[in-house]
Structure formats: C-alpha cells, structure tokens
Amino acid sequence: MTMTTIKGVIFDLDGVIVSTDEFHYKAWKKLADRENIPFDKTINNRLRGVSRAESLEIILEKAKKEYTDSQKQEMLEFKNDIYKESLSELKRYDILDNFNELYEQLKENNIKMAIGSSSKNTKRILKQIELSDAFDAIADGTDITRSKPDPEVFLIAAKRLGLNPEECVVIEDAIAGIEAAKAGQMTAIAINDAKNCDKADYRIDNLLEIADIVIGGYNEE
Ligand code: BG6
Ligand code: MG
18 MTMTTIKGVI
28 FDLDGVIVST
38 DEFHYKAWKK
48 LADRENIPFD
58 KTINNRLRGV
68 SRAESLEIIL
78 EKAKKEYTDS
88 QKQEMLEFKN
98 DIYKESLSEL
108 KRYDILDNFN
118 ELYEQLKENN
128 IKMAIGSSSK
138 NTKRILKQIE
148 LSDAFDAIAD
158 GTDITRSKPD
168 PEVFLIAAKR
178 LGLNPEECVV
188 IEDAIAGIEA
198 AKAGQMTAIA
208 INDAKNCDKA
218 DYRIDNLLEI
228 ADIVIGGYNE
238 E
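As structure tokens, then:
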C-alpha cells in the first residue's frame, strides 16, 4: 500500500463542468439526419473525449456512401456552426451541480486545478460560463496533436500546473478520457458514461465526492 499525495485536479470540460455534451450530441444528430446516417446516444458515447474530426469518422462508419475530404470538411464546419450557435446561449448557471462548491473546497486546500479538454471551443465555453480565469492551467484541443485516449492533453495540463502526473487526478465522463488518464500515470475518477470503463480508479455520481478523494491524500494498492 503506498500513499500518494494529490496536488492537482485536472477536469475534463464537456460533460463534467458543463452539459455541453448534450449540445455536441444535438449538433451531430442534425448532421447525421441531414445525411441519413443512423446516429443515437450509444454511438454518441463513443464520441466523448474524441476530437471533432475523429468523431466524424466514427459517425461515418454507418454511412452508406464514401465522402471526399472536402465533403468531410463541410460536414465538420456544419456541425461546429450548429454547436457554436448553442454555446452562445450558455450562461454561468449552466455550470453543473456542485462544481462551484467543489471548486471552493479545493481552493481552500491549495489543490491546483486545470482543464484538460479535447475541445477547440474550450476558451469560448469558459468565457460563456465565466470561468476564464478560474483555473491554474488550461490544456485543450488547440494544444494537442493526438486526442484522448492518448494522454497528451493531460500531460500538458500537469506540466502547466508544475506537477508530476502521479500527483494529479483526472475527472472524466469519457471512457477515452479515463484511458488517457491511466496512460498518463494519473488517478482517474469517472462520472456518467465513463463509469463503464474498468480502468477507472473511482466512480462518482456527484462532483463533491472528488473533495473526499483528493483532500488529505488517499490510499492506493
Ligand atoms: C470533447 C468532447 O470535449 O471535445 C467531444 O467530449 C468533442 O465530443 C471534442 O468532439 C472536440 O470538441 P470541439 O469543440 O473541438 O469540436
Ligand atoms: Mg467530456
């Protein structure tokens, strides 16, 4: 049994801090319907944590025709335009339950906090929900060449926090995100769909449970 002191929490954004995962789903659904491609919430769960371009490739697995690169480009823009339109309605009160309370508890205990998101819209979202200056570091889709399950985004976040990966926990709603955290030697906390990932170290239903896990250290086999 070893004792690891956790000094930082790296938050995924979409589906953890704010329910933009629903906006992603609705925007992809509009594209899939336009193209007559079957698309449902089960397929959508595979898009969690995955880049926009890779998400499109997953959706196109069910397509009956081949698409050219320029058609794919048009589809990516179509989806992102719809998505950005819905982001314009986001407000501070759309922050998910208990995030604000968790944030205060982590701050009081000098735990550093970062965002580790595959989204290129991260800064736009943080601005909408008035959290632009809330984090000690941000690593997002504009920083990386490989999306989750590759650990790149979390390793960049940890580095920007000035911490070793082992000193960080990641909180994720995506199976790909849990895999990324573990590939990066971090502790992985799963919420929502990510609870289906057998690699998760902890499974929670409520963000406040993160405070129990992080503050005061934890025991690891
Ligand atoms: C992740 C989402 O946070 O960001 C994925 O879970 C999404 O569903 C990815 O595809 C990329 O987002 P964006 O905003 O760059 O299209
Ligand atoms: Mg997510």
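Here the sequence shown stands for residues 18 to 238, numbered as in the working numbering. Glycine is no exception: its CB is placed at the ideal position from the N, C-alpha and C atoms. Predicted model, so just to flag it, every value in this text is computed and none were measured.
Can you give me the C-alpha to C-alpha distance between residue i and residue j, rounded to a whole angstrom?
{"i": "Pro168", "j": "Tyr42", "result": "24 Å"}
{"i": "Leu48", "j": "Ala70", "result": "13 Å"}
{"i": "Ile112", "j": "Thr22", "result": "28 Å"}
{"i": "Glu226", "j": "Ser36", "result": "19 Å"}
{"i": "Ile221", "j": "Ala156", "result": "24 Å"}
{"i": "Val26", "j": "Ile192", "result": "18 Å"}
{"i": "Asp57", "j": "Lys46", "result": "8 Å"}
{"i": "Ile128", "j": "Lys24", "result": "5 Å"}
{"i": "Lys124", "j": "Ile195", "result": "24 Å"}
Looking at the secondary structure, which residues open and close the alpha helix (DSSP H) in which residue i lies?
{"i": "Glu183", "result": "Counting along the chain, Glu183 falls outside any alpha helix (DSSP H), and DSSP gives it neither H nor E."}
Using a Cβ-Cβ cut-off of 8 Å (strictly less than) and excluding sequence neighbours within five positions of residue i, which residues of its own chain qualify?
{"i": "Thr162", "result": "Glu169"}
{"i": "Asp229", "result": "none"}
{"i": "Ile232", "result": "Gln122, Leu123, Asn126, Ile128"}
{"i": "Asn209", "result": "Gly32, Asp190"}
Heavy atom of the ligand BG6 less than 7 Å from the Cβ of residue i, yes or no?
{"i": "Gly158", "result": "yes"}
{"i": "Ala131", "result": "no"}
Might you give, ordered along the chain, the residues of its own chain that have their beta carbon closer than 7 Å to the beta carbon of residue i, omitting 5 neighbours on each side?
{"i": "Asn97", "result": "Arg69"}
For residue i, collect the residues of the same chain with a Cβ closer than 6 Å to its Cβ; drop the 5 residues on either side in sequence, then sort them by chain order.
{"i": "Leu224", "result": "Asn115, Phe116, Leu119"}
{"i": "Gly158", "result": "Ser135, Ser136, Lys137"}
Terminal residues of the continuous beta strand (DSSP E) containing residue i?
{"i": "Ile155", "result": "154-156"}
{"i": "Ala207", "result": "204-208"}
{"i": "Ile132", "result": "129-133"}
Quick one: is the Cβ of residue i within less than 7 Å of any heavy atom of the ligand MG?
{"i": "Gly194", "result": "yes"}
Tell me which residues pass a beta-carbon proximity test against the ligand BG6: closer than 7 Å to any heavy atom, given in chain order. Asp29, Leu30, Asp31, Gly32, Asp38, His41, Leu64, Arg65, Gly66, Val67, Ser68, Arg69, Ser72, Asn97, Tyr100, Ser134, Ser135, Ser136, Lys137, Asn138, Gly158, Ala191
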